[in-house]
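Worksheet for the structure shown next.
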Amino acid sequence: MSDENGFGVALRAARVAAGLSQSELGEPEFSRSYISLVESGHRAPSREIVEHVAGRLGLSVEHVRAWALASGKRGDARAAVLQTEALSVLTTHTFEGAIKAASDLRDFALEADRLDLWWTAALMDLTLRIENDFADQVVEQARALVDHWFTQQSTILQGRVRTVLSVALRVTGDLEGSVTEARAAVMAFRTTPTWRSTGVAALTALVSALGQQHRYSDAISWAPDLARGAADAPNRLEAGNAYWALANLALSTGDPQAGLSYYDQAIAAIDPDGHLRRWGRVHRAAADFRLKADVDLDAVPELLAKAATAFSLSSARSDQVELDLVQGKYACATGDWAQGRAHMERVLEDGHLLAASDLADAHHHLGTALGELGDHRGAAEHLQESVRLLLTLTSTNAGPA
């Protein structure tokens with residue numbers, strides 16, 4: 001039997017389950033011997049045979065086609081090389097190169113008739129585009145992948161795509177849409193016994209989006225599941241992201257000490273050798289957390305220094321902008337108003353890269369710094385802009401009562 005005979009094995013199992021002989025399955029178009037060759041892997045499944053057996057077995061053509069496309073073994077070594085290249089360039093932060101590597105893997109998968117690899121490459125490509133600040137380009141592509149017939153073959157696949165879609169929607173400001181997709185992803189993963197760990201990324205997306213909508217009671221109801229998922233997460237990155245989300249929720253619900261503990265766990269979980277950019281981001285976020293909660297400010301300079309080291313290797317402009325924002329906030333917190341002003345003015349030059357809440361934060365701190373430096377007119381303009389942004393954000397992202 002051929003190593004590529006996933007289709008034949010699936011066909012024989014379905015035929016036996018239906019109580020049909022090879023002759024009966026082939027009637028009237030295909031002989032018993034032809035069906036035997038297909039089941040043994042000595043004859044490739046053509047479009048005609050796929051459509052015929054689908055009709056005889058009472059299955060959809062898409063379902064039978066999946067046997068042919070999702071279970072082949074061709075090109076595994078080459079596919080592994082392409083995947084390794086994509087992960088390698090991701091680790092070294094050349095995100096444009098990672099997107100190219102994912103595209104190469106997708107093209108190879110199509111040439112090799114490996115729909116499973118194509119699907120993986122497509123999902124990788126969407127994830128990389130979000131990481132590279134192109135979330136606005138991802139939403140419609142992710143929706144299309146959700147509706148793709150191959151995705152519909154598995155609730156796990158549906159959960160994974162909806163998780164990516166949820167993150168893209170949250171990054172682009174559609175928090176209600178993000179909550180909807182994250183909740184659907186969690187429900188998909190709940191069909192498996194290990195759903196908390198398998199679906200920890202979906203739980204992270206759900207808690208994060210609910211928190212940003214200020215739906216704290218709903219977010220808190222999912223927090224125990226997220227904590228359990230983080231403890232048993234399939235990899236360190238997903239564990240770190242989960243603890244990070246729990247830390248942010250702790251700040252929003254008035255428990256800064258729990259937040260500090262979760263940030264410590266997030267920093268310990270995320271491996272700088274494999275995910276240096278994410279490691280830098282969590283250090284920046286941990287510093288920002290301390291400034292917002294007004295706790296453990298002595299740790300802020302070291303956290304920011306580590307973030308700066310990580311971002312020195314990043315090609316994403318947003319990393320430096322977000323770092324400048326937190327550095328400026330720290331300068332203001334320590335009374336260095338001139339330095340705070342300098343940081344915030346640089347931030348606003350690239351304000352389009354910030355989330356609306358961060359942009360409002362930048363205007364607020366710049367206004368405060370200008371006021372302390374005697375520029376009261378400039379201070380009033382920036383403080384008013386901060387209020388306007390916050391009011392717009394509140395009205396846009398208000399969740400259901």
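Counting from 1, position 179 in the sequence shown corresponds to residue 179 in full-length UniProt numbering; the numbering is continuous, with no gaps.
Where is the CB? At the ideal position from N, CA and C, for every residue including glycine.
A quick note: this is a predicted structure, and the numbers were derived from the prediction, not measured.
For residue j and residue i, believed in contact at Cβ under 8 Å, the rounded distance
i, j, result
"Ala266", "Ala247", "6 Å"
"Ala307", "Gly274", "About 17 Å separates the two Cβ atoms, so there is no contact after all."
"Leu276", "Leu313", "6 Å"
"Thr192", "Ile156", "7 Å"
"residue 405", "Arg196", "Lying before the first or after the last residue shown, residue 405 is absent from the chain, which here runs from 1 to 401."
"Phe150", "Ala230", "Not really, about 30 Å apart at Cβ, beyond 8 Å."
Rounded separation between residue i and residue j - CA only
i, j, result
"Leu239", "Thr163", "Position check: residue 239 holds Ala in this sequence, whereas Leu was assumed. Distance between the alpha carbons of Ala239 and Thr163 is about 15 Å."
"His202", "Ala101", "One point to set straight first is that residue 202 is Ala, not His, in the sequence displayed. Their Cα atoms are separated by approximately 25 Å."
"His148", "Ser221", "32 Å"
"Gly72", "Phe7", "Below a pLDDT of 50, predicted positions are generally treated as unreliable, and Gly72, at 47, falls in that range; no measurement from the model is reported."
"Arg43", "Met124", "33 Å"
"Thr91", "Glu381", "Its pLDDT being 47, under 50, Thr91 is placed unreliably in this model, and the value from its coordinates should be taken loosely. Going by the C-alpha atoms only, they are around 42 Å apart."
"Ile130", "Leu325", "21 Å"
"Ala135", "Ala205", "15 Å"
"Leu165", "Arg183", "11 Å"
"Leu393", "Gly254", "21 Å"
"Asp298", "Arg377", "33 Å"
"Leu373", "Ala379", "9 Å"
"Ser357", "Leu370", "20 Å"
"Val38", "Val9", "9 Å"
"Arg290", "Thr172", "26 Å"
"Lys292", "Ser386", "16 Å"
"Pro301", "Gly351", "24 Å"
"Ala285", "Gln257", "15 Å"
"Arg236", "Arg32", "52 Å"
"Ser2", "Gln152", "Residue confidence is low: Ser2 scores 40 on pLDDT, short of 50, so the model does not pin down where it sits. Its coordinate-derived value is still stated next. The alpha-carbon atoms of Ser2 and Gln152 are separated by roughly 27 Å."
"His63", "Val295", "56 Å"
"Leu115", "Gly159", "18 Å"
"Asp375", "Tyr262", "40 Å"
"Leu175", "Arg215", "11 Å"
"Gln141", "Gly335", "47 Å"
For residue i, three-class secondary structure by DSSP
i, result
"Gly235", "For clarity, residue 235 is Asn in the given sequence; the question names Gly instead. Three-state result, Asn235: coil."
"Gln213", "coil"
"Ser314", "coil"
"residue 410", "Residue 410 falls outside the range modelled here, since the chain spans only 1 to 401, and no answer is possible."
"Gly378", "helix"
"Glu385", "helix"
"Ser60", "coil"
"Glu29", "coil"
"Phe108", "helix"
"Trp149", "coil"
"His364", "helix"
"His275", "coil"
"Ile49", "helix"
"Lys73", "At Lys73, the pLDDT of 46 sits below 50, so the modelled position is not reliable; the number obtained from the coordinates is stated separately. Looking at Lys73 - three-state DSSP - the assignment turns out to be coil, as it is neither helix nor strand."
"Gly254", "coil"
"Val138", "coil"
"Ala219", "helix"
"His352", "helix"
"Gly371", "helix"
"Ile35", "helix"
"Thr191", "coil"
"His283", "helix"
"Val295", "coil"
"Arg65", "helix"
"Ile267", "helix"
"Asp319", "helix"
"Asp125", "helix"
"Asp225", "helix"
"Asp358", "helix"
"Arg15", "helix"
"Thr172", "coil"
"Asp324", "helix"
"Ser197", "helix"
"Leu391", "helix"
"Asp336", "coil"
Chain B contact for residue i (CB, 7 Å cutoff)
i, result
"Arg281", "No chain B is present in this structure, which holds just one protein chain."
Cβ contact check for the region 330 to 341 and the region 308 to 318: 3 or more pairs under 8 Å: In short, these stretches do not touch, since the Cβ pair count stays below three.
Touch test, the region 206 to 217 against the region 169 to 187, Cβ-Cβ under 8 Å, three pairs minimum: Verdict: yes, contact present.
Given 8 Å, three or more beta-carbon pairs between the region 366 to 381 and the region 336 to 347: The region 366 to 381 and the region 336 to 347 touch, with no fewer than 3 CB-CB distances between them shorter than 8 Å.
The region 11 to 26 / the region 35 to 53 touching (three or more Cβ pairs under 8 Å): The answer is yes - the region 35 to 53 touches the region 11 to 26, with three or more Cβ pairs under 8 Å.
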